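Just below is one structure, and these are the notes that go with it.
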Amino acid sequence: MHLDQRPHKLQRVPEMDITFTEQDAREVHYPHNDALVIKINCGSTQLWRVLVDNGSAVDILYFDAFKKMGLNESDLKPATTPLYGFTGDSLMPMGMIELMVSVGTFPWVSSLMTQFLVVDCPSAFNAMLGRPILREL
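Using full-length UniProt numbering, the letters of the sequence shown correspond one by one to residues 1 to 137.
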């Protein structure tokens with residue numbers, strides 16, 4: 001392999017601290033030991049109550065949120081592999097869909113295309129961001 005055939009390394013961006021202000025805490029109910037729940041822009045919709053779960057191997061969009069976003073089942077691509085939870089239960093996804101996801105606040109916004117598995121099961125959340133998107137952000 002010649003040196004000019006190697007892929008170019010991405011420029012490393014200096015790491016920044018994640019900080020929270022008093023304004024960020026105004027809607028937090030204390031005592032607080034909740035999971036990390038955020039809002040994101042997904043497609044053309046702002047989704048509230050999105051769980052960040054670094055233990056999940058997939059990114060999930062719950063069917064109730066899918067419908068509220070105005071998407072149709074015909075927008076789904078087939079997904080043939082069941083999901084398994086930590087209890088061993090399995091759930092067959094309805095399908096998968098690729099959507100643009102934006103997180104952050106200007107000027108620190110990151111946007112990328114994300115493949116979600118769509119599942120029809122009850123949840124307190126609209127979506128769950130797992131390791132696939134967290135790795136890319």
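Note that the Cβ used here is the ideal one computed from N, Cα and C, for glycine as well.
The structure displayed is predicted, hence computed values, not measured ones.
Going by beta carbon distance, what residues of the same chain come within less than 8 Å of residue i, once the five residues before and after it are set aside?
i    : result
G130 : D53, N54, G55, S56, A57, V58, D59, I60
L36  : L51, V52
I133 : D59, V101, L112, T114
L137 : V103, S110, L112
E73  : M94, G95
L99  : C42, G43, L61, M113, T114, F116
Taking the alpha carbon of residue i as the point to measure from, which residue in the options has its own alpha carbon closest?
i    : options              : result
N126 : V28, Q46, E27        : Q46
S123 : M100, I133, F66      : F66
M69  : G85, P82, P78, W48   : W48
G104 : L83, I40, L134       : I40
E15  : W108, C121, F86, E27 : W108
L71  : R26, G43, F106, D17  : G43
D120 : L83, E22, Q23, T21   : L83
Give every residue of the same chain whose Cβ lies closer than 7 Å to the Cβ of residue i, excluding the five residues on either side of it in the sequence, and list them in chain order.
i    : result
V118 : L61, F63, F66, L76, P93, M94, G95, M96, I97
Can you tell me which of the three DSSP states residue i falls into?
i    : result
A127 : strand
R26  : coil
L134 : helix
S56  : coil
How is the alpha helix (DSSP H) around residue i delimited, first residue to last?
i   : result
F66 : 63-68
Output the boundary residues of the beta strand (DSSP E) element that contains residue i.
i    : result
V37  : 37-42
M100 : 95-105
T114 : 108-119
T81  : Run containing T81: none; DSSP gives neither H nor E here.
V52  : 45-52
Contact between the stretch 86-103 and the stretch 22-34: three or more CB pairs below 8 Å?
no
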